[in-house]
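A quick write-up on the structure given underneath.
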Amino acid sequence: MRLLVATYNRGKMAEYAELLQELPIELVSLADLGIELEVEETGTTFAENALLKARTFAEVSGMVTMADDSGLEVDALDGAPGIYSARYGGPNATDEDRYRKLLEEIADVPQAQRTARFRCVIALAWPDGRRAFTEGTIEGKIACSARGEHGFGYDPVFYLPEYRRTMAELPPETKNEISHRAVAARALVDKLSHCFVAGQS
Ligand code: ITT
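If you use our numbering, the sequence shown corresponds to residues 21 to 221, in order.
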């Protein structure tokens with residue numbers, strides 16, 4: 021079986037290559053297929069946006085396709101940037117612009133109230149219309165300044181009290197054991213393994 025991992029985010033792609041390596045399937049990227057297509061994320065939830073991406077690319081490729089919609093929910097901002105995490109800071113913002121804007125916005129929020137979580141919803145879409153979802157979260161706090169070189173996105177400002185490090189300070193193997201994406205990917209591996217047992221493709 022071949023599975024299309026539909027993301028243009030290189031950080032996500034690298035993580036899925038590790039997270040899904042135990043599956044006896046060939047992972048195919050959008051770059052492998054030469055697909056360049058902008059999917060407008062018009063949904064109001066992570067699940068809706070993940071499904072929009074997975075269905076669109078399943079239709080275009082004719083392959084079983086997974087996509088994730090993910091982001092950071094900051095309690096002091098009532099859950100923002102949430103589904104708008106990629107669009108926070110405007111269309112030309114870089115990852116660094118986005119986390120700097122976040123740090124500025126909550127500069128006055130005290131330590132105890134800087135709680136946040138990363139959320140990842142994976143949608144799986146078959147060309148015949150079947151679909152499945154998995155989800156993962158990880159709780160943490162927004163740091164006062166950026167630290168660390170690993171990972172991507174908001175990782176340098178996402179502090180894990182248990183590890184006393186930001187996500188970007190953790191080795192990639194550790195992030196891939198505990199992250200929101202790791203939790204969602206493990207559930208996906210379980211679901212896909214059942215498909216194999218059931219003889220589905
Ligand atoms: P695709 O839609 O092509 O997959 P994207 O980057 O636009 O790529 P999303 O719409 O799901 O993906 O937006 C995710 C946003 O949340 C984006 O700004 C990421 O940097 C951030 N994000 C998601 N997972 C993250 C992680 O593990 N660490 C840090 N930031 C993350």
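Positions of the beta carbon are idealized from the N, C-alpha and C atoms, including for glycine.
Rounded distance between the beta-carbons of H170 and P192, thought under 8 Å: 6 Å
Residues near E56 by beta carbon distance below 8 Å, same chain, minus five either side: L50
7 Å Cβ shell around G102 - same chain, five flanking residues per side excluded: G91, E93
Cβ shell of D210 (< 6 Å), same chain only, five flanking positions each side left out: none
Ordered list of alpha helix (DSSP H) runs contained in the region 114–198, each at least 4 residues: 115–125, 192–198
Closer than 7 Å: M187 CB and nearest the ligand ITT heavy atom: yes
Closer than 7 Å: R30 CB and nearest the ligand ITT heavy atom: no
Contact check, L23 vs V48, beta carbons under 8 Å: yes
Stretch pair the region 138–145 + the region 76–86: three plus CB contacts closer than 8 Å: yes
Residue interval of the beta strand (DSSP E) (run including G91): 85–94
G173 CB to nearest heavy atom of the ligand ITT below 7 Å: yes
Limits of the beta strand (DSSP E) - the one that R22 falls within: 22–25
Cβ neighbour criterion (16 or more within 10 Å) applied to V25: buried
Range of the contiguous alpha helix (DSSP H) that encloses E79: 66–81
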